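Enquirer: Position one of the sequence shown corresponds to residue 202 (the working numbering), numbered consecutively onward. Backbone N, C-alpha and C fix where the C-beta goes; we use that ideal spot for every residue, glycine too. Treat the numbers as computed from the prediction; the structure is a model and nothing was measured. Supplied in structure tokens, the structure appears directly below.
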Amino acid sequence: MAGLTRENEEDEYVTDRVSKLAVEFIEKSQKEPFFLYLSHFSVHDPIQGRLDLVEKYQQKLTKFDPPKRPEFILEGNPDDPTPLSRKALDALIDTPTHAGHTLLPNRTVKVKQHQDNVHFAAMVESIDHSFARIINTLERLNLRDNTIILFYSDNGGMSAANWWNRTRVVPDEMLDKAYATANLPLRGAKGWLYEGGIRVPLIVQWPGQGARGVTSATPIITADFFPTILEMAGIAALDDQHLDGVSFAADVRGEVSPAKSLFWHFPHYSNHGMQSPAGAIRRGQFKLIEYFENDTIQLFDLSTDIGETTNLAKPREKLAQSLLDELHGWRKRVGAAMPTKRTTAKIAEGSEPAYQSSLKSAALDKSIRH
202 MAGLTRENEE DEYVTDRVSK LAVEFIEKSQ KEPFFLYLSH FSVHDPIQGR
252 LDLVEKYQQK LTKFDPPKRP EFILEGNPDD PTPLSRKALD ALIDTPTHAG
302 HTLLPNRTVK VKQHQDNVHF AAMVESIDHS FARIINTLER LNLRDNTIIL
352 FYSDNGGMSA ANWWNRTRVV PDEMLDKAYA TANLPLRGAK GWLYEGGIRV
402 PLIVQWPGQG ARGVTSATPI ITADFFPTIL EMAGIAALDD QHLDGVSFAA
452 DVRGEVSPAK SLFWHFPHYS NHGMQSPAGA IRRGQFKLIE YFENDTIQLF
502 DLSTDIGETT NLAKPREKLA QSLLDELHGW RKRVGAAMPT KRTTAKIAEG
552 SEPAYQSSLK SAALDKSIRH
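Written out as structure tokens, the structure reads:
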């Protein structure tokens with residue numbers, strides 16, 4: 202933010218500092234149209250809450266009644282040639298081979314099922330404070346009724362560890378840093394194509410348009426933000442402007458937008474799990490995931506199975522094929538790059554996989570980092 206003060210107060214929490222800069226920017230820009238993109242480091246690793254808020258939630262935790270479910274479950278790679286069933290995964294988690302928190306046999310990982318992380322809770326509240334600070338500033342400057350606000354998150358919570366650490370092991374004292382939260386009733390975590398990785402909250406304020414408190418069930422994707430903001434601001438898109446998204450301004454007004462499909466493309470391995478590279482499509486209540494190692498297909502009815510527990514790809518074969526064809530057509534239309542298929546060829550003698558070289562060159566960091 203050019204022209205803003207840079208002095209830091211001693212022990213100033215970064216969320217508070219960024220909020221202060223945002224307020225300063227609004228104050229300096231209040232006489233003319235402005236655009237503020239406020240992207241906090243919270244809630245993100247490193248998981249470090251503001252100490253006074255951490256103490257608050259430590260006190261609350263003493264009165265916390267843990268849910269009657271396991272603290273962790275195992276998830277495998279559904280694209281493996283012989284994927285493990287939920288029953289098999291539940292049996293494995295109590296065996297010695299799966300006792301620790303590391304990259305486990307059978308490409309399995311542990312996923313947190315409890316929301317009891319005091320640092321994460323403190324980080325969430327710090328975002329609440331920041332948002333209130335922005336709103337209060339707009340009201341103080343008489344800008345609240347002339348400002349469009351979009352509040353959202355970029356991905357689901359980190360309920361599976363971030364494995365971009367050289368040891369690939371999470372010590373017990375680091376569990377709260379590695380497994381930040383639980384996404385129940387959603388399945389999966391950040392970096393996954395299950396709903397736990399891609400379903401996030403969105404709150405929109407558009408003064409003078411539609412009724413307050415409108416809730417919309419229309420699914421959207423971040424590519425829709427750009428055309429939506431253009432429409433809200435009364436700006437026409439250029440004829441040759443690249444636009445993958447579709448405006449959801451009508452939904453904010455309380456109307457219903459025409460039905461459309463949403464697409465995801467994740468052609469690489471995540472550092473938050475062991476799933477194969479994959480793509481996904483959602484059309485209405487149905488969502489299909491296509492994995493790229495062994496071409497495994499999963500189909501879920503999100504209206505009745507938000508936890509994505511029942512694969513309908515075989516009983517609903519025609520629907521699955523229709524969604525798959527649409528997904529392939531979209532990838533071709535946008536020129537989506539696809540990963541090279543795995544090979545059984547041996548690595549040349551004396552060489553090593555590229556990812557091992559990159560790990561060796563990375564600085565050793567005991568924290569679990571992005």
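Does the segment 467-481 come into contact with the segment 525-541, if we say contact requires no fewer than three beta-carbon pairs (one atom in each stretch) closer than 8 Å?
Expert: yes
Enquirer: Cβ atoms of GLN476 and TRP393: under 8 Å apart, would you say?
Expert: yes
Enquirer: Between the segment 245-255 and the segment 372-380, are three or more C-beta pairs nearer than 8 Å?
Expert: yes
Enquirer: Just how far apart, CA to CA, sit ARG413 and ASN343?
Expert: 19 Å
Enquirer: Could you compute how far the alpha carbon of ILE227 sits from the alpha carbon of ARG454?
Expert: 26 Å
Enquirer: Where does GLY485 fall in DSSP's three states?
Expert: coil
Enquirer: Alpha carbons only, please: which of LYS288, VAL219, LEU444 is nearest the one belonging to ARG334?
Expert: VAL219
Enquirer: Nearest-angstrom Cα distance between LEU237 and ALA223?
Expert: 8 Å
Enquirer: Which ranges would you report for the alpha helix (DSSP H) in the segment 296-353 if only whole runs of at least 4 residues count?
Expert: With a minimum length of 4 residues, the continuous alpha helix (DSSP H) runs that stay inside the segment 296-353 are 319-341.
Enquirer: Indicate, with yes or no, if the ligand NAD has a heavy atom lying under 7 Å from the CB of LEU290.
Expert: The ligand NAD is not part of this structure, which contains no ligands at all.
Enquirer: Return the chain-ordered list of same chain residues with a C-beta closer than 7 Å to the C-beta of ARG572, the five sequence neighbours on each side being excluded.
Expert: Given a span of 202 to 571 for the chain in the structure shown, any question on residue 572 remains unanswerable.
Enquirer: Three or more C-beta pairs closer than 8 Å, one from the segment 295-310 and one from the segment 270-278: is that the case here?
Expert: yes
Enquirer: LEU351 and PHE426 look like a contact to me (Cβ under 8 Å); what is the Cβ gap, rounded to whole Å?
Expert: 7 Å
Enquirer: Please classify PHE265 as buried or exposed, where buried requires at least 16 neighbouring CB atoms within 10 angstroms.
Expert: Counting of Cβ neighbours within 10 angstroms places PHE265 among the exposed residues, the total staying below 16.
Enquirer: Find the nearest neighbour of ASN318 within the set LEU290, GLY435, PRO478, GLU272, judged by alpha-carbon distance.
Expert: GLU272
Enquirer: Taking SER354 as the reference, which of LYS391, TRP531, ALA438 has the closest Cα?
Expert: LYS391
Enquirer: With a CB to CB cut of under 7 Å and the five nearest residues on each side skipped, what residues in its chain are close to LEU314?
Expert: Note on residue identity: the sequence assigns Gln, not Leu, to residue 314. Taken in chain order, the residues that qualify are ARG270, PRO271, GLU272, PHE273, ILE274, ALA383, LEU385.
Enquirer: Classify GLN406 as helix, strand or coil using the three-state DSSP reduction.
Expert: strand
Enquirer: Assign ILE436 to one of three DSSP states: helix, strand, or coil.
Expert: coil
Enquirer: My assumption, with CB atoms under 8 Å, is that LEU525 sits in contact with LEU489. Please give the rounded CB distance.
Expert: LEU489 and LEU525 do touch by the CB rule: their CB atoms are close to 6 Å apart, below 8 Å.
Enquirer: Does the separation of the CB atoms of HIS330 and VAL255 fall below 8 Å?
Expert: no
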